[in-house]
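Residues 14 to 103 (this note's numbering) are what the sequence shown spells out, left to right. Glycine is no exception: its CB is placed at the ideal position from the N, C-alpha and C atoms.
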Amino acid sequence: MKKSSFHFRTVSTCFLLSHIAGQTRLDYNLQGMMILGSWAIGNMVRGGIGASRTTGETRAFHQMNLYRKSVKSLSCRLSLLACDQRVAWK
14 MKKSSFHFRT VSTCFLLSHI AGQTRLDYNL QGMMILGSWA IGNMVRGGIG ASRTTGETRA
74 FHQMNLYRKS VKSLSCRLSL LACDQRVAWK
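Below, the structure written as structure tokens:
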């Protein structure tokens, strides 16, 4: 009887610790995506301003940077959406 009680407490403690570690990882991912998304939006604004004020190859560079950051921003939004859905399921 004592052996099974010890086993149950050990398993429940491990489950609780894994849940806490999982929530911490989820929080880190959420913060990272928010930072990456903010960085992408800032670069999109900067690229848009740069593209509107320049011509030639420099303008093409700023446009390419704007397109690349819009894809990165979309990736962040999708990750945040998936993260929100995982939190809602718990």
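Taking 7 Å as the cut-off, the Cβ atoms of M57 and K82 count as close. The Cβ neighbour count for G60, taken over all protein chains shown within 10 Å, is at least 16; the residue is labelled buried. Within the same chain, and ignoring the five residues on either side of F74 in sequence, no residue has its Cβ closer than 7 Å to its Cβ. Around the beta-carbon of A95, fewer than 16 other beta-carbon atoms lie within 10 Å, marking it exposed.
In the three-state scheme derived from DSSP, where H, G and I count as helix and E and B as strand, T68 is classed as coil.
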